[in-house]
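Worksheet for the structure shown next.
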Amino acid sequence: MPDNRSDIRDFLATRRAKITPEQVGLPTTGRRRVPGLRREEVAVLAGVSTEWYTRLEKGHISGVSEDVLDAVAQALQLDEDERTYLFDLAKAARPDHRTPPRRKDAEVPPRVQWMLDSMTMSSAFVRNGRMDLVADNPLARALHAPMFRSETTSKHGRANIARYIFLDPSAQHFYVDWDAATVTTAALLRAEAGREPHDRALRELVGELSTLSSEFRTQWASHDVRIHHDGIKRLRHPEVGDLELTYQSLNLPLSNRAVHDLTIYTAEPGTASEDRLKVLASWTATQSRSTATIRDPRQV
146 MPDNRSDIRD
156 FLATRRAKIT
166 PEQVGLPTTG
176 RRRVPGLRRE
186 EVAVLAGVST
196 EWYTRLEKGH
206 ISGVSEDVLD
216 AVAQALQLDE
226 DERTYLFDLA
236 KAARPDHRTP
246 PRRKDAEVPP
256 RVQWMLDSMT
266 MSSAFVRNGR
276 MDLVADNPLA
286 RALHAPMFRS
296 ETTSKHGRAN
306 IARYIFLDPS
316 AQHFYVDWDA
326 ATVTTAALLR
336 AEAGREPHDR
346 ALRELVGELS
356 TLSSEFRTQW
366 ASHDVRIHHD
376 GIKRLRHPEV
386 GDLELTYQSL
396 NLPLSNRAVH
406 DLTIYTAEPG
416 TASEDRLKVL
426 ASWTATQSRS
436 TATIRDPRQV
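For the sequence shown, the positions run 146 to 445 when the numbering used here is used.
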């Protein structure tokens, strides 16, 4: 069982620092030495003693009831993703929490690949919790061509969004809002670390990124978490130019334990981005037909 007390301590302390007394209706008198709320103020809001909350913030979360954790989550105004992360940390810290068998990556069923390939006007891919792309359709490969061509992909044999964003300088050009992408990516990995504290490959990835990227170290230290993932993505594609796309990630249950998301990128109808995506889709379809013709033995 991993010792996650430092994660618990830093997560609770950073959440507490983000809340001002005014936000929770507490009086503000005198000079304050800490940003955000004091420990005793969180204790009052959660209905527990200061000594108890201080012990909790030091990482001693084992044995804490769900009701009390929920009260602390409300006091710290945690959102749904943050609350889930806190409960994941508590679960991992329980003495009776047995180490699960080593997690194996789930195979992507053929029906999922068929579904991806049927989305001819949308970029679609499946990623695991470590941000590896485990399945994709032709338009996804064309849209994310800089990532698939990246040395971070060829070196490891599989495209990984986190490696590309933090370790390939070209990502800062490809992602128009690169700073926001680093925040979201680190937060997604932080949430996965809470779910899967025994995942050796995840720990190795975090160690690699921490060693090689100062930006990742900064974002990882913020202890922000994110589970639900959707919004607007602006990309600067080398072939078709700037694209503003809507993306949505949906949970895709491929196994009992491992998390997989289906992520779909589409363009708003009637926009220049839709026209450019159509050009990319048309080019991709032409390339696919050419490849199929060459491989068809009847054409040889």
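Positions of the beta carbon are idealized from the N, C-alpha and C atoms, including for glycine. In this text, all values refer to a predicted model and were calculated from it rather than measured experimentally.
Here DSSP, grouped into helix, strand and coil, assigns Asp148 to coil. A check of alpha carbon separations from Gln219 across Val179, Ala238, Arg200, Ile164 identifies Ile164 as the nearest. According to the DSSP assignment, Ile306 belongs to the alpha helix (DSSP H) that extends over 306-312.
The beta carbons of Thr391 and Thr363 sit about 28 Å from each other, so the pair does not count as a contact at 8 Å. In this structure, Asp369 and Arg335 form a Cβ contact; the two beta carbons are roughly 7 Å apart against a cut-off of 8 Å. Counting C-beta pairs with one atom in each stretch, the region 282-290 and the region 419-431 have three or more that are closer than 8 Å, which means they touch. Every alpha helix (DSSP H) of 4 residues or more that sits fully in the region 244-306 is shown, in chain order, as 255-263, 283-288, 290-293, 296-301.
Within a 10 Å sphere around the beta-carbon of His318 sit fewer than 16 other beta-carbons, which makes this residue exposed. About 7 Å separates the beta carbons of Ala338 and Val351, which is inside the 8 Å limit, making them a contact pair.
Per DSSP, reduced to three states, the secondary structure at Ile409 is strand. Excluding sequence positions up to five before and after Pro291, its CB lies within less than 7 Å of the CB of Ser315, Phe319, Pro383, all in the same chain and listed in chain order. Remark: C-beta atoms of Ala304 and Leu278 approach each other more closely than 8 Å.
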